[in-house]
Amino acid sequence: MKATVLQTERLWLDSPVLSDRFAVAEYCRDPLFERFMTLPWPYEQRHADFFLYRVVPGGWLSGDELTWAVRESEGGPLLGIIGWRREFGDIGYWLGAPHRGRGLMTEAVIVVTDWLMSGFGRTEVAWECVIGNAASVSVARKAGFSFTGERPTGLTFRDGSHPPAWHGVLRAGEPRVERPGWPT
Numbered sequence: 009m010k011a012t013v014l015q016t017e018r019l020w021l022d023s024p025v026l027s028d029r030f031a032v033a034e035y036c037r038d039p040l041f042e043r044f045m046t047l048p049w050p051y052e053q054r055h056a057d058f059f060l061y062r063v064v065p066g067g068w069l070s071g072d073e074l075t076w077a078v079r080e081s082e083g084g085p086l087l088g089i090i091g092w093r094r095e096f097g098d099i100g101y102w103l104g105a106p107h108r109g110r111g112l113m114t115e116a117v118i119v120v121t122d123w124l125m126s127g128f129g130r131t132e133v134a135w136e137c138v139i140g141n142a143a144s145v146s147v148a149r150k151a152g153f154s155f156t157g158e159r160p161t162g163l164t165f166r167d168g169s170h171p172p173a174w175h176g177v178l179r180a181g182e183p184r185v186e187r188p189g190w191p192t
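According to the numbering used here, the stretch in the sequence shown is residues 9 to 192, in order.
What follows is the structure, given as structure tokens:
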């Protein structure tokens, strides 16, 4: 499958490229990533290289993991990453610290989930985050996901555990409104 470019008024989403390698490594060294994400820790340049050389192109080729770079313009610097995994039917995302708090990731989640449902035939998209990740909750809530409860994460963490996580779902055809019931 060929990587798909998506656009909004403020964003350009395309496949991450090798020239993004230093930005990926820098952003993924954020201490929040150690707490809330399954990434290797400490995160090193070789991890970013593996992600960009193997995971991203292999995922698009197979259609099993679709990954977009979040940018403000075509060819612009990397702000963050958003991806969808077929195995779990879910999205995951992160923004580099300097780019948070402007609503960029909510905008990216909306355009990606719209494309997954209208252009890729998904009827629903799942979401999860480790309990306590308030920023991820805020994005999912604002993007119209419904909170579906608390249970272990589907992903295996570095220590082999499946920590408690908050879960949500977005269904095709549902209006994009903030729904009640989200953890605070």
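Where a beta carbon is used, it is the ideal one built from N, C-alpha and C, also for glycine.
In this text, all values refer to a predicted model and were calculated from it rather than measured experimentally.
If the five residues before and after L21 are omitted, its C-beta is found closer than 8 Å to the C-beta atoms of V13, L14, Q15, W76, A77, V78, R79, I90, A116, V119 and V120, all from its own chain and listed in chain order.
As DSSP reads the structure, A134 sits in a beta bridge with D98 and V177. Taken through DSSP and simplified to helix, strand or coil, F165 comes out as coil. Cβ contact annotation for L60 (same chain, cutoff 8 Å, sequence separation greater than five): P24, V25, L26, D28, R29 and V32, in chain order. For the 9 Å CB-CB criterion, T156 and H170 do not form a contact. For A77, the enclosing beta strand (DSSP E) starts and ends at E73 to R79. Residues M125 and T131 of the same chain have their beta carbon placed closer than 6 Å to that of A180, with the five preceding and five following residues left out of the count. In the structure shown, R54 falls within a helical segment according to DSSP collapsed to helix, strand and coil.
Each of M9, A142 and Y101 was checked against the Cα of P65, and the nearest Cα belongs to M9. The C-beta separation of V145 from W190 comes to about 6 Å, placing the pair in contact by the 8 Å criterion. Annotation: H107 to G168 spans about 31 Å, alpha carbon to alpha carbon. With a cutoff of 9 Å on beta-carbon distance, D72 and E95 are scored as near each other.
Here DSSP, grouped into helix, strand and coil, assigns W49 to coil. Bounds of the alpha helix (DSSP H) holding T121 are L112 to S126. The distance from the Cβ of L47 to that of L87 is about 17 Å, inconsistent with a contact at the 8 Å cut-off.
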